[in-house]
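Data first, discussion second: the structure below is written as structure tokens.
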Amino acid sequence: LLTGLKLGVLLAAMVGRVRAVSPIPAGLTELSTADGQQMLRDSTPNDQFWLLAQEFTTQDSQDWCGLASASMVLNALPIPKPAINAFEGYPYFYQDNILQTSKTTVMTASEVADWGLGLDDITDILNAHVGVEAEALHTDPDAVSLDHFRQSIADAMAAPDTYLIANFDRYEFMGEGGGHHSPLGAYCAESDTVLVLDVARYR
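Read left to right, the sequence shown gives residues 8 to 210 (my numbering).
Structural data, given as structure tokens:
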């Protein structure tokens, strides 16, 4: 599993550099490391990464990881963007206009703030936008084998205009947090890892 980047800042007015270090738990590899970059190169195809990286965003609040993930995917897709809250007249999907611009109202912003989003909620929100067909794959180990799950990821990564949003327990990987959503940017079969574009970039 690859996850967010460490922050490295070079201050021109000072000699040396300032670096914020957040320890990465064992079993995870940062994209900024040589190993992480090699895993990305070994992920073929990796078109999703390059398209999603252009839309990478940080969730606006603790409850909006699903909306942040959905906005990244919607902006990466070749579909019409909304004019609501457009930046300088440029249509774009933002976390705060995804619910307003859908064909039907699936949830309100206050409901998201109160309850957060489940995998099915995000699927419904995505499907409420013109030109999007989303489906949820629940990975109950009693119903879905690990091999089937791997193949589903590989198939999605090989399909044009297809993106994956993972719903997982951050605590299992990072030792903090709970239920979380983030887009997957790549799958490396050789190392059996996925690149998680973590929308909680402040953690």
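Note that CB positions come from ideal geometry on N, CA and C, so glycine has one too.
Q: Verify whether the separation of the beta carbon atoms of residue 135 and residue 115 is less than 9 Å.
A: Taking the C-beta atoms as reference points, residue 115 is found no nearer than 9 Å to residue 135.
(Q) Would you call the stretch 154 to 163 in contact with the stretch 184 to 204, where contact means no fewer than 3 C-beta pairs closer than 8 Å? (A) Yes, the stretch 154 to 163 is in contact with the stretch 184 to 204.
Q | Per DSSP, cross-strand counterpart(s) of residue 172 | A | DSSP output for residue 172 lists 190 as bridge partner(s).
**Q.** alpha helix (DSSP H) runs wholly inside the stretch 98 to 141, at least 4 long, in chain order
**A.** Here the runs fully enclosed are 116 to 122 and 126 to 134.
Q: Compute the Euclidean distance between the alpha carbons of residue 75 and residue 102, then round it to the nearest angstrom.
A: Roughly 5 Å separates the two Cα atoms.
Q. Is any heavy atom in the ligand SAM found nearer than 8 Å to the beta carbon of residue 116?
A. Looking for the ligand SAM in the displayed structure turns up nothing, as the structure carries no ligands at all.
Q) From residue 172 to residue 49, what distance separates their C-alpha atoms? A) Distance between the alpha carbons of residue 172 and residue 49 is about 21 Å.
**Q.** Which residues DSSP lists as bridging residue 201, in chain order
**A.** Residue 201 pairs with 194.
Q) Along the chain, where does the alpha helix (DSSP H) that runs through residue 159 open and close? A) Here the alpha helix (DSSP H) through residue 159 covers 153 to 165.
Q) So, are the CB atoms of residue 105 and residue 139 less than 9 Å apart? A) Result no, Cβ atoms of residue 105 and residue 139 do not sit closer than 9 Å.
Q. Terminal residues of the continuous alpha helix (DSSP H) containing residue 44?
A. Taken as a continuous stretch (DSSP letters only), the alpha helix (DSSP H) holding residue 44 covers 41 to 49.
Q) For residue 36, is the classification buried or exposed, using 16 other Cβ atoms within 10 angstroms of its Cβ as the cut-off for buried? A) Its Cβ being crowded by 16 or more others within 10 Å, residue 36 is buried.
Q. Considering residue 53, what are the terminal residues of the alpha helix (DSSP H) in which it resides?
A. Where residue 53 is concerned, there is no enclosing alpha helix (DSSP H), because DSSP gives it neither an H nor an E.
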